[in-house]
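Anchor point for the sequence shown: position 346 equals 346 in the UniProt record's numbering, and the numbering is continuous, going up by one each time. Virtual Cβ for every residue (Gly too), placed ideally from N, Cα, C. Before any comments, here is the structure.
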Amino acid sequence: MTTTFDPEKLQTALENVHRAGMPGIFAEVRDDDQIWRGAAGVADVDTGRPVTAEMRHRVGSITKTFTAAAVLRLVDDGEIDLDTPIGHYLPRLVPGERGAAITIRMLINHTSGLAEFFPYAYPSLAAFPALAETTPESLDDHRFTRFHATELIGMGVSAPATGTPGGTPGVYSNTNYLLLCQLLESITGTSAEKFITRNVIERAGLRDTELPPGPHINGPHSLHYEAWFGMIDPPRDYSVYDMSWTANAASLISTVADLNRFYRLLLAGEIISPASLAQMQRTVPVIAFDGRTGDYGLGLQKTTLPGHGVYWGHEGSVWGGGAMSMISADGKRQASIAVNLQRWNRLDSAGKPQPHPIDDALQALTQLALGG
1 MTTTFDPEKL QTALENVHRA GMPGIFAEVR DDDQIWRGAA GVADVDTGRP
51 VTAEMRHRVG SITKTFTAAA VLRLVDDGEI DLDTPIGHYL PRLVPGERGA
101 AITIRMLINH TSGLAEFFPY AYPSLAAFPA LAETTPESLD DHRFTRFHAT
151 ELIGMGVSAP ATGTPGGTPG VYSNTNYLLL CQLLESITGT SAEKFITRNV
201 IERAGLRDTE LPPGPHINGP HSLHYEAWFG MIDPPRDYSV YDMSWTANAA
251 SLISTVADLN RFYRLLLAGE IISPASLAQM QRTVPVIAFD GRTGDYGLGL
301 QKTTLPGHGV YWGHEGSVWG GGAMSMISAD GKRQASIAVN LQRWNRLDSA
351 GKPQPHPIDD ALQALTQLAL GG
């Protein structure tokens with residue numbers, strides 16, 4: 001594995017993503033004790049305010065690693081067992097045979113067969129994944145909607161199953177993680193936000209990371225521009241948004257530095273036990289929202305980079321905000337990248353997302369950041 005990086009090449013690669021159409025992008029790359037941070041582009045397209053590498057940002061489903069780690073803290077403490085059915089703890093939310101068949105492990109690795117709730121919560125997205133039949137109207141309708149987790153879980157549980165409990169490939173579903181948060185609350189007697197904050201965020205010493213209590217991002221941050229496959233033109237800012245629609249499945253706010261610190265400590269066995277980390281790294285095939293199948297553990301995505309080995313981490317996307325954080329299996333090489341535009345690919349006549357210059361530029365940056 002390469003053990004150095006070239007700051008000039010990394011900065012050029014960042015700027016190439018900006019030139020390809022990304023308003024703003026920032027990153028932190030680490031190789032052993034070497035750290036590089038960089039940024040390119042703007043945080044606000046109207047004022048030209050630049051992005052900086054220190055900005056706080058909504059990081060989407062990277063939240064799932066934090067929630068999974070919190071559940072595994074309970075496993076470490078002997079409070080729960082990964083292979084106990086969720087119906088044992090939450091019989092009213094997942095009743096009957098499904099509650100008896102779906103285990104905690106199946107929720108964390110998306111093999112529960114429970115459907116995604118968001119096409120039901122967002123009526124204009126009901127046709128998802130048939131993108132051409134969707135409209136972004138619900139994004140504005142629900143900007144300040146306060147959803148209750150049990151209401152969203154009910155949508156996912158009552159929807160047609162995506163598979164049999166424990167079957168593979170699994171199908172990625174936020175419903176699973178809302179249930180995990182209800183489990184945390186049931187076992188600990190405190191809110192999932194407080195438990196995750198105390199046992200994961202504070203344990204890792206993350207000073208710029210939080211599960212937000214309201215719709216605003218505190219501190220210096222970029223606007224978050226959503227294009228919804230060209231249907232919002234020009235892209236609209238959704239940085240002020242009530243994230244209760246995804247709660248502790250994707251609402252986390254963090255920085256690229258904090259993300260790298262978190263994954264470094266996680267893989268070092270300093271947040272959960274080595275035994276629980278080994279469970280996290282047991283992967284199954286899971287189908288993502290975009291239809292691709294990847295290797296998924298317990299809140300961890302596994303990526304193999306040709307010539308550079310295995311990386312662990314997660315990707316995330318919310319309205320207008322995207323992020324990626326990965327760390328090599330030996331813990332030496334890391335990269336966290338944040339972008340402030342999402343779903344930039346327009347649809348072709350068949351309703352499929354068309355390639356965009358951002359795609360290749362972002363892939364080149366990721367390869368360089370992770371592999372040198």
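Asked	Found
If we ignore side chains and look at the alpha-carbon of each, how far apart do Ile187 and Val157 end up?	21 angstroms
Please state whether DSSP places Thr4 in a helix, a strand or coil.	coil
Quick one, which of Lys352, Leu341, Leu368 and Trp312 has its alpha-carbon nearest Ile62's?	Trp312
Can you check whether the CB of Ile272 is closer than 8 angstroms to the CB of Leu72?	yes
Where do the ends of the beta strand (DSSP E) carrying Arg30 lie?	Gly24 to Asp31
To test your reading of the DSSP string, which unbroken beta strand (DSSP E) runs of 3 or more residues are found completely within the stretch 32-65?	34-41
Exposed or buried, what is Thr4 when buried is set at 16 or more other beta-carbons lying within 10 Å of its beta-carbon?	exposed
Report all residues from its chain with a CB closer than 6 angstroms to the CB of Arg37; omit the five preceding and five following residues, and keep chain order.	Glu28 and Ala53
So Ile25 and Ala338 are supposed to be a Cβ contact under 8 angstroms. How far apart are they, rounded?	7 angstroms
Report yes or no: do three or more beta-carbon pairs, one from the stretch 32-46 and one from the stretch 348-363, lie closer than 8 angstroms?	no
Could you work out which residue in Ser336, Asp348, Asp359 and Asp295 is closest to Arg30 when comparing CA atoms only?	Ser336
Could you check which residue in Arg19, Val59 and Thr12 has the C-alpha nearest to that of His221?	Val59
Exposed or buried, which one is Pro136 when buried takes at least 16 other CB atoms within 10 Å?	buried
So the beta strand (DSSP E) Ile102 belongs to, where does it begin and stop?	No beta strand (DSSP E) contains Ile102, which DSSP labels as neither H nor E.
Straight-line CA distance for Asp77 to Gly294?	30 angstroms
Taking buried to mean at least 16 other C-beta atoms within 10 Å of its own C-beta, is Pro95 buried or exposed?	exposed
At 3 residues or longer, and completely inside the stretch 222-295: list those beta strand (DSSP E) runs for me, N to C.	284-287
Please check the pair Asn174 and Thr246, which I expect to be a contact at CB under 8 angstroms, by giving their CB distance rounded to whole angstroms.	6 angstroms
In angstroms with no decimal places, state the Cα-to-Cα distance between Thr2 and His308.	Only weak support exists for where Thr2 lies, its pLDDT of 45 falling under 50; the value from the coordinates is given anyway. Rounded to whole angstroms, Thr2 to His308 spans 8 angstroms at the Cα level.
Report yes or no: do three or more beta-carbon pairs, one from the stretch 82-96 and one from the stretch 203-218, lie closer than 8 angstroms?	no
Is the stretch 9-21 close to the stretch 277-287, with three or more CB pairs under 8 angstroms?	no
Using the DSSP secondary-structure output, state which residues sit across from Tyr311 in a beta bridge.	Thr303 and Ser328
Checking the sheet assignment: what are the DSSP bridge partners for Val339?	Ile25 and Gly322
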